[in-house]
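Participant:
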Amino acid sequence: MRRAIAPLERRVAIEHILDVPPIRLTTVPGFDAAVFPYTTDIPFLSKWGEPLLFGPGSIHAAHTADEFVSIAELHAAADHYVTIARQLLASQPRQP
């Protein structure tokens, strides 16, 4: 990275503020998984349990001034969350 930006060093200041390592997330049967060249705060939330990364909308619109999610995507996401919750609960050992 430093080599790639070396020609710019006289014109810009670059401050390294955070290092987020690549992570491998748990998958849920029936849901597609993919690799993306983006970051997430999930590595900092792992003390809360096994993290999942899922949500409606397009990553290309996420966190932009024009971010949006259609009503149909919200309805589908609600159904997907129910499916995920049921699968995760069914995979847990029963407590006496």
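The sequence shown maps to residues 5 to 100 in our numbering. Glycine included, each C-beta is placed from N, C-alpha and C at the ideal position.
(1) Apart from the five residues just before and just after A94, which ones in its own chain have a Cβ nearer than 6 Å to its Cβ?
(2) Along the chain, where does the alpha helix (DSSP H) that runs through V86 open and close?
(3) Using 8 Å for Cβ pairs, my map puts L78 next to L56. What's the rounded Cβ distance?
(4) Alpha helix (DSSP H) containing R15: first to last residue?
(5) Whole-angstrom Cβ separation of A80 and F72, contact assumed at under 8 Å?
(6) Assign S62 to one of three DSSP states: helix, strand, or coil.
(7) What are the boundary residues of the alpha helix (DSSP H) that A8 is part of?
(8) Run through DSSP, which three-state label would F40 get?
(9) What is the rounded straight-line gap between the Cα of V24 and the Cα of A8?
Facilitator: By the coordinates alone:
(1) Excluding sequence neighbours, A94 sits near nothing in its chain.
(2) DSSP places V86 inside the alpha helix (DSSP H), whose first and last residues are I75 to A94.
(3) About 18 Å; that fails the 8 Å criterion.
(4) Per DSSP, R15 is not a residue of any alpha helix (DSSP H), being assigned neither H nor E.
(5) In fact, because the Cβ distance is near 15 Å, the residues do not count as touching under 8 Å.
(6) For S62, the secondary structure class from DSSP, reduced to helix, strand or coil, is coil.
(7) Note, A8: alpha helix (DSSP H), R6 to I9.
(8) F40 falls in the coil class under three-state DSSP.
(9) If I take the Cα positions, the gap works out to 20 Å.
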